[in-house]
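Student: This is the structure I have questions about; it appears just below.
Protein chains: 2
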Amino acid sequence: MTTQQQLQQWYELAQQLRVDSIRATTVAGSGHPTSSMSPADLMAVLLSGFLRYDFNDPDNPNNDRFILSKGHAAPLLYAMYKAAGVISDEDLLSLRKFGSPLEGHPTPVLPWVDVATGSLGQGLPIGVGLALAGKYLDQLPYHVWVLLGDSETAEGSVWEAFDHAAHYGLDNLIAIIDVNRLGQRGQTELGWNTQAYAKRARAFGWEAMEIDGHNLIEIDQAYSAALAVTDRPTVIIAQTKKGKGVDALEDLGGWHGKALKPDDEKQAIAELGGERYITISVQKPEAQEQPAVTGNTHLLQLPTYNKGAHVATRRAYGDALKALGAAQPDVVVLDAEVSNSTYAEDFAEAYPERYFEMFIAEQQMVAAAIGLQVRKYKPFASTFAAFLTRAYDFVRMAAVSRANIKLVGSHAGVSIGQDGPSQMGLEDLAAFQAVCGSTVLYPSDANQTAKLVEQMSDRSGVVYLRTTRESTEVLYGAEEQFPIGGSKIVRISDRDQATVIAAGITLHEALKAYNRLKNEGIAVRVIDTYSVKPIDVHTLHQAARDTKGNLVVVEDHWMEGGLGAAVLDAFAGHGDRPSYNGPQLQLIKLAVVDMPGSGTPDELLHAAKIDAEAIVEAVKFQVRQPIGVSN
Amino acid sequence: MTTQQQLQQWYELAQQLRVDSIRATTVAGSGHPTSSMSPADLMAVLLSGFLRYDFNDPDNPNNDRFILSKGHAAPLLYAMYKAAGVISDEDLLSLRKFGSPLEGHPTPVLPWVDVATGSLGQGLPIGVGLALAGKYLDQLPYHVWVLLGDSETAEGSVWEAFDHAAHYGLDNLIAIIDVNRLGQRGQTELGWNTQAYAKRARAFGWEAMEIDGHNLIEIDQAYSAALAVTDRPTVIIAQTKKGKGVDALEDLGGWHGKALKPDDEKQAIAELGGERYITISVQKPEAQEQPAVTGNTHLLQLPTYNKGAHVATRRAYGDALKALGAAQPDVVVLDAEVSNSTYAEDFAEAYPERYFEMFIAEQQMVAAAIGLQVRKYKPFASTFAAFLTRAYDFVRMAAVSRANIKLVGSHAGVSIGQDGPSQMGLEDLAAFQAVCGSTVLYPSDANQTAKLVEQMSDRSGVVYLRTTRESTEVLYGAEEQFPIGGSKIVRISDRDQATVIAAGITLHEALKAYNRLKNEGIAVRVIDTYSVKPIDVHTLHQAARDTKGNLVVVEDHWMEGGLGAAVLDAFAGHGDRPSYNGPQLQLIKLAVVDMPGSGTPDELLHAAKIDAEAIVEAVKFQVRQPIGVSN
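Going down the list, the sequences are from chains A and B.
Numbering-wise (this note's numbering), the first sequence opens with residue 1026 and increments by one.
Numbering-wise (this note's numbering), the second sequence opens with residue 1026 and increments by one.
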């Protein structure tokens, strides 16, 4: 039973959280006080009564995890940190100021924030990833608590999370929905119809409880009941009032994302009983024995392929991933129901305990990867390159989360053939390059793929690997090295009149073009830019100097933002690039411009003018030009 | 009552659809026969008993609409077209061949296909858009039928559609789920648990029916019952068998996406009763009087702003959109719960009957836009630029659908200030440029914004407008023109030593830099590239020739794929670009490289080195260089 004293303490703490949310936003001059006030009671009880978390050791594997999915309630989170004694009042009042780790929405710049939030609908699917780690990998009894706003349940990704959490029986996952009825610009779809939320959650296989989110006894009971559920995830649907506790704000429209002016602030704080200086001691988790890591660790034995054999790079990805699985027990794999196409299935068969089927839910897949890496696992997540676009917002936010995830897109480009444009990844190089701190890899050969997969494992940030559907010739010996940031000069002579730059499928076209041009007495250099980002600036500059500035870049990707853009960028000046000093650049880009249809891979490469014939033509056009006049 | 004769006809037709699906895929050597066989009975009854569609007049406003959301069942769709007498058997057997409109997944290359499918989970949300058009705009009694696979219900976008369809009471929308239990690589999450599907659908406010998808009487009754529902959308959950009717295929794993070999084909066709040559006459819709278009049409009166005033481009977007609404009754507007930030709310208030609130569901928002444009409306859909990444797969597929949609992303770049990186659109220029046939606009001033919004209305393809949160100075008179594909030379002299290229917020920084440089005796040209794609190649080439090849591009976007990439690309050779003939390019790119935090707009522009100071520094660095040595 909850004592009257405890209730009083929770009440005071909740009021402090409200007051501090108001104070911080008023000083900042912006932010979301009212969205922070509605779940203050929920958070007061969680923090002082239920959360098991060692603030001095955020990496403690036994810690509960808390995700503020409604990231705009950041002031509340920071007020909780102040109440927990880990930030000062001065820190709190640095909210939203330049250089302060208390950003407008939470990011892992703060040690207690595991993942960035602020793009709504992401917290719960990421929580699914953390709960998967807890239940199946860590096998530790910690709980994952996620506070959602009601508005964000309109995001489909939330229902992907409801679906997957139930499928995986994640009884260690507890979602709390702060049903304050008011979205940014008006009432939510469901208003205070908590029953509708409960019905949906139950239909998706969850335990659902409806409570008054300002009744401390109900909150206490709901948390206790949630912890007692052992066969399914639980959602607590809490009816609350936005701006609770202040007459001028409570349950009123027009107050979303608005800070109070100093005079209004004074009045509001008075209504809430004034400032308080409560510090609570958050309960630490009990130390638990973590089960030994699954499987034995072997030395990494990457697969090798004979030169001249024909092997698809997606096939090599599957082989290399399985090898990595044997050597690195922290590698985990996810796929979106196409593991027999991406070849993630080889890992799934060998290490089923470290494979999570995400079905056709790419957002949930990337979110789960983000959640898994919080607990230091190394997630590789794969689907068709085209379908990773479905999760682009999650990839963007993964960068804000400083997450280390490895994404693999198969079936890139028109060279997939008959399936047609809906299945062709033609924007992936652009999309993944435009992610802060990302790495973008595009191998042309099976041995190269294996070496890159090995390097992905320890690479930080968002790392993307693009694989090809078609079998292509093995070009490199198994002993060759392919460092990220490097390239391979595949053909070179001292008579080279132009340089052809390619990666993946088009490298094979470039080699065909090389032979045809050679027969006509035109020598060209051929460079394999398997590392698209970072790109090998030095080798490209040297080639431009050596071949009169004549470069032809050919890629199975839209004209915009892909390999050609990366090569052009290598010749532009910005902070981290060495400068180019050589003859005028004469660069021709060959890439996909018109919408493809179905056909054989060869027909489609030809129609897109990215095949050997198009390369030959471009080189001839270029070397025929008088020097100094561009393409 | 269904007569025995009718049942027999439906049965024969269903068998023909199966046989033809097998025949087409066997000739093609690839494709999805088994996924086409499971819903053949459902489609036979729909086509001959319920669909009201004039195949000779696909644009007939009274036509029912049918979307094959499970696009990989394209052979079934084409077999239906053959049965309807609009394609020949020879056409059918051209499936997946180069140049054939019968692509591996359906696209609007065929006149009866409204939207491309093949990225799963998109058909239903697009159907919501079509049903919104039917119920609220066309106000015609046609129905929208959507056939889904069971696997694709794992996509959150499907639940966004369930949610929104119920919210808008779309009783003209009928979804059919082909529950064949088998996904690409194994059993689906829910298998044949049709009750679980029904429970979920009902929780989301739909009428749900469970039937045996091979029982023609049950199908007939379900369709009749669905047509009789008048207050909510209906879903028919049909238990089926993949590969139904052929022993070697029926309900067996390992057959997804595999064509039969000729010998197996012969056996399968025999089991199905051999080839048939049934042609049916699909019932045409009754002609209906379409209600007069809402509202009066006025001459377009764009808002105008005084030079020197401070107005945010997002504010001008709202004003211009409202003006457009007065002049063009086919303009419709969507927003994802941030209309008071994007200023779509002005249109919503003025023309509530043409505004659809999409709540926080960006995938559904873009899908609805795609559906609305099928019925020739001009949808403008807005949210924060950052959150449009949530719908990137829908944007990609919009291009495959040859859809004409207008998307508007507000709050671009670090210049939004305190809210932090989760809210900053920093990859949108890259993402939208890498869309086939797209247009990308980025105005710097209110009058310019209005003129661009006007042009967006009639522009085909995916058109993207990037707006800025902050108020910026009005630079141009209201009489000036800003054609798409053009640019504005804002500062020019015959002594210009370098050219600064900017758009949006950074143009204002460029003008500050111009003044500072002028004070130091350095003249620079300043170009406003408000049209990022297509970019004004001619003006950029001329500037490079005039200013010794010295270009500085500055943008509030990641370094990759944005304005800088577009400018670099203007100097590369490819099919549609005029060639550059001038001094060696010395291009410096200023763009965002490190993850921003919170701060004032000025602090963040400065920290990202994209402010006036950074521009001044870059120009000085450049003009100090001896000619011929790059940056």
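Note that CB positions come from ideal geometry on N, CA and C, so glycine has one too.
Assign Ser1485/A to buried or exposed, taking buried as 16 or more other Cβ atoms, counted over all protein chains shown, within 10 Å of its Cβ.
Tutor: By the 10 Å Cβ count, Ser1485/A comes out exposed.
Student: Nearest to Gly1270/A by alpha carbon, out of Pro1064/A, Asp1175/A, Ala1109/A?
Tutor: Nearest C-alpha to Gly1270/A: Pro1064/A.
Student: Mind listing the chain D neighbours of Asn1365/A? Cutoff is C-beta to C-beta under 8 Å, in chain order.
Tutor: Within the model displayed, chain D is absent; protein chains A and B are what it includes.
Student: Leaving out five residues before and five after Gly1653/B in sequence, what residues of the same chain have Cβ atoms less than 8 Å from its Cβ?
Tutor: Low per-residue confidence applies at Gly1653/B: pLDDT is 44, beneath 50, and the placement is therefore not dependable, though the value from the model is reported in the following sentence. For Gly1653/B, where only same-chain residues beyond five positions count, the Cβ hits under 8 Å are Gln1609.
Student: Going by other Cβ atoms of all chains shown within 10 Å of its Cβ, with 16 needed for buried, is Pro1508/B buried or exposed?
Tutor: Under this definition Pro1508/B is an exposed residue.
Student: Do you know offhand how far Ala1633/A's Cα is from Glu1534/B's?
Tutor: C-alpha separation (whole angstroms): 40 Å.
Student: Per DSSP, what kind of secondary structure is Gln1611/A in: helix, strand or coil?
Tutor: Gln1611/A falls in the strand class under three-state DSSP.
Student: In terms of residue numbering, what span does the alpha helix (DSSP H) encompassing Arg1225/A cover?
Tutor: Where Arg1225/A is concerned, the enclosing alpha helix (DSSP H) stretches over 1219-1228.
Student: Is it a yes or a no for the region 1271-1285 of chain A touching the region 1241-1255 of chain A, going by three-plus beta-carbon pairs under 8 Å?
Tutor: They do not touch, by the three-pair rule.
Student: For a quick check, are the C-beta atoms of Leu1162/A and Tyr1193/A less than 9 Å apart?
Tutor: No; because the gap between Cβ atoms is not below 9 Å, this pair is not in contact.
Student: Rounded to the nearest angstrom, what separates Asn1472/B and Leu1397/B at their Cα positions?
Tutor: C-alpha separation (whole angstroms): 28 Å.
Student: Name the one or two DSSP bridge partners that Phe1381/A has.
Tutor: The partner list for Phe1381/A (beta bridge, DSSP) reads Leu1359/A.
Student: Taking only three categories from DSSP, how would you classify Asp1272/A?
Tutor: Coil.
Student: Please say whether Glu1479/B and Ser1440/B have beta carbons closer to each other than 9 Å?
Tutor: Their beta carbons are not under 9 Å apart, which means Ser1440/B does not touch Glu1479/B by this criterion.
Student: Contact between the region 1455-1463 of chain B and the region 1414-1422 of chain B: three or more CB pairs below 8 Å?
Tutor: In short, these stretches touch, since the Cβ pair count reaches three.
Student: Mapping DSSP to helix, strand and coil, what is Met1234/B?
Tutor: Residue state, collapsed to three classes: strand.
Student: Secondary structure at Ala1263/B, three-state DSSP: helix, strand or coil?
Tutor: Looking at Ala1263/B - three-state DSSP - the assignment turns out to be strand.
Student: Using a Cβ cut-off of 9 Å (strictly closer), state whether Gln1040/A contacts chain B.
Tutor: Not an interface residue.
Student: Helix, strand or coil: which one does DSSP assign to Gly1598/A?
Tutor: Looking at Gly1598/A - three-state DSSP - the assignment turns out to be strand.
Student: Quick check on Arg1649/B: does DSSP put it in helix, strand or coil?
Tutor: Note: Arg1649/B maps to helix in three-state DSSP.
Student: Just to confirm, are Phe1372/A and Val1363/A a CB contact at a threshold of 9 Å?
Tutor: No; because the gap between Cβ atoms is not below 9 Å, this pair is not in contact.
Student: Here's the rule: buried if 16 or more other CB atoms are within 10 angstroms of the residue's CB, otherwise exposed. What is Glu1382/A?
Tutor: Counting Cβ neighbours within 10 Å, Glu1382/A comes out buried, since at least 16 surround it.
Student: Considering only residues of the same chain and omitting the five flanking positions on each side of Ala1637/A, which have a CB-CB separation below 6 Å?
Tutor: Glu1534, Lys1537, Ala1538, listed in sequence order.
Student: What in chain A is Cβ-close to Leu1145/B, meaning under 8 Å?
Tutor: Near Leu1145/B (Cβ distances below 8 Å), the residues of chain A are Ile1385.
Student: List, in chain order, every chain B residue whose beta-carbon is nearer than 8 Å to that of Phe1412/A.
Tutor: Per Cβ cutoff of 8 Å: Ser1144, Asp1418.
Student: Using a Cβ-Cβ cutoff of less than 8 Å, which residues in the same chain neighbour Pro1310/A once the five nearest sequence positions on both sides are dropped?
Tutor: Hits under 8 Å: Arg1077, Tyr1078, Asp1079, Asn1085, Asn1087, Asn1088, Asp1089, Tyr1167.
Student: Just the Cα atoms here: how many angstroms apart are Val1171/A and Asn1197/A?
Tutor: Distance between the alpha carbons of Val1171/A and Asn1197/A is about 11 Å.
Student: Report the rounded CA-to-CA distance for Trp1035/A versus Gly1230/A, giving the unit in angstroms.
Tutor: When rounded, the distance between both Cα atoms is 32 Å.
Student: Once the 5 residues before and after Ser1655/B are set aside, which same chain residues still bring their CB inside 6 Å of it?
Tutor: At Ser1655/B, the pLDDT of 43 sits below 50, so the modelled position is not reliable and the matter cannot be decided from this model.
Student: Within 10 angstroms of its Cβ, does Ala983/B collect 16 or more other Cβ (buried), or is it exposed?
Tutor: Residue 983/B lies beyond the range of chain B shown here (1026 to 1656); nothing can be said about it.
Student: Provide the residue(s) that pair with Val1425/B in DSSP beta bridges, ordered along the chain.
Tutor: Answer is none; Val1425/B lacks a bridge partner.
Student: Just the C-alpha distance for Gly1589/B and Ser1366/B, rounded to the nearest angstrom, thanks.
Tutor: So the alpha carbons of these two residues sit roughly 28 Å apart.
Student: Just the C-alpha distance for Ser1073/A and Arg1225/B, rounded to the nearest angstrom, thanks.
Tutor: Going from the Cα of Ser1073/A to the Cα of Arg1225/B covers about 36 Å.
Student: Please decide whether Ser1655/A counts as near chain B, where near means a Cβ-Cβ distance under 9 Å.
Tutor: Bear in mind that the predicted position of Ser1655/A carries a pLDDT of just 43, short of 50, making it unreliable; the figure below should be weighed with that in mind. Closer than 9 Å to some Cβ of chain B, the Cβ of Ser1655/A qualifies, so yes.
Student: For Ile1640/B and Tyr1376/A, I'd like the C-alpha separation in whole angstroms.
Tutor: Each residue's Cα considered, the two are about 54 Å apart.
Student: Which same chain residues, not among the five before or five after Pro1404/B, have their C-beta less than 7 Å away from its C-beta?
Tutor: If we look at Pro1404/B and ignore the five residues flanking it on each side, its Cβ neighbours are Val1357, Leu1359, Ala1394, Leu1397, Gln1398, Ile1430, Lys1431.
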